[in-house]
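Chains as they are written, first to last, in the working numbering: chain A, 6 to 119; chain B, 64 to 178.
Shown next, in the form of structure tokens:
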């Protein structure tokens, strides 16, 4: 398996533009997580899905952020409009179950909003 | 507020010596803990875990200790090797019957092992 695949690896955009981050989880994993890494807060959980259904989006910072999982093999995280403070590395992770075990992370998308 | 805290942002250790990375948590509902290792430009990878029913778990050079009364866990790496240089994240998961199922991560500790 190729692991969790995220695209793009790097994204530079201007403030106010829409940004879409993509994730393909490991085949057979039924839980998917979006995390954001910053120096100040480390890895923050934004939202997670179980069997394609959003379970907890309490970590989504603002209404500008939205996430979808239309099927078991694809998820998107969208920021509209983007702001400089959204600059961070965004990670997607998947796992076989919600609890226990470990997550498999993608390589992340480094987002820079100028 | 940070429910999982790694108060040392960085640590330098000589090759061959012991590395000790610390993690504190505030929520007594947490009962499963993990350590992840992250190299630059890569995603975090799972390293070792411990359940609250144990106070120690060992895997090769890596040992995690859990002190529930102090709400503290630590990762020991012995002997440390240059390839261990990375950022280490501590993560905690609440009990399954708590109704939530999300790992809470700390801010990470950057370990540098000097050759």
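Idealized CB from N, CA, C, for every residue including glycine.
Just so you know, the alpha carbons of residue 65 of chain B and residue 16 of chain A end up roughly 28 Å apart. Residue 28 of chain A has its alpha-carbon roughly 18 Å from the corresponding atom of residue 85 of chain A. For residue 41 of chain A, the number of other beta carbons within 10 angstroms of its own is at least 16, and it is reported as buried.
Counting only residues of its own chain and dropping the five nearest sequence neighbours on each side, residue 93 of chain A has a CB closer than 7 Å to the CB of 41, 42, 43, 116. Residue 176 of chain B places its beta carbon less than 8 Å from that of residue 147 of chain B. For the set B:72, B:67, B:86, B:70, the Cα lying nearest the Cα of residue 139 of chain B is the one of B:86. Short of 6 Å from the beta carbon of residue 83 of chain A, and not among the five residues preceding or following it, lie these beta carbons of its own chain, in chain order: 25, 71. Residue environment for residue 156 of chain B: buried (at least 16 other C-beta atoms within 10 angstroms of its C-beta). Between residue 19 of chain A and residue 119 of chain A a beta carbon distance of about 6 Å is seen, short of the 8 Å cut, so the two are scored as contacting. Counting along the chain, residue 56 of chain A sits inside no beta strand (DSSP E), nor does DSSP assign it H or E at all.
Between residue 106 of chain B and residue 113 of chain A, the CB-CB gap stays under 8 Å. Look at residue 92 of chain A: its C-beta is not under 8 Å from any C-beta on chain B. For residue 54 of chain A, there are no neighbours in chain B by C-beta distance under 9 Å, as the nearest C-beta there is about 11 Å away. Excluding five sequence positions before and after residue 30 of chain A, the CB atoms of its chain that fall closer than 6 Å to its own CB belong to 9, 37, 99, given in chain order. In this structure, DSSP gives residue 91 of chain A a helical state, which the three-state scheme calls helix. Excluding sequence positions up to five before and after residue 21 of chain A, its CB lies within less than 6 Å of the CB of 86, all in the same chain and listed in chain order. In this structure, the beta-carbon distance from residue 173 of chain B to residue 73 of chain B falls below 8 Å. Taking the CA atoms as reference points, residue 107 of chain A sits about 31 Å from residue 178 of chain B. Nearest Cα to residue 53 of chain A within the set A:11, A:74, A:67: A:74.
Ranked by Cα distance from residue 90 of chain A, the options A:45, A:110, A:39 are led by A:45. Residue contact check for residue 80 of chain A against chain B: no CB pair falls below 8 Å.
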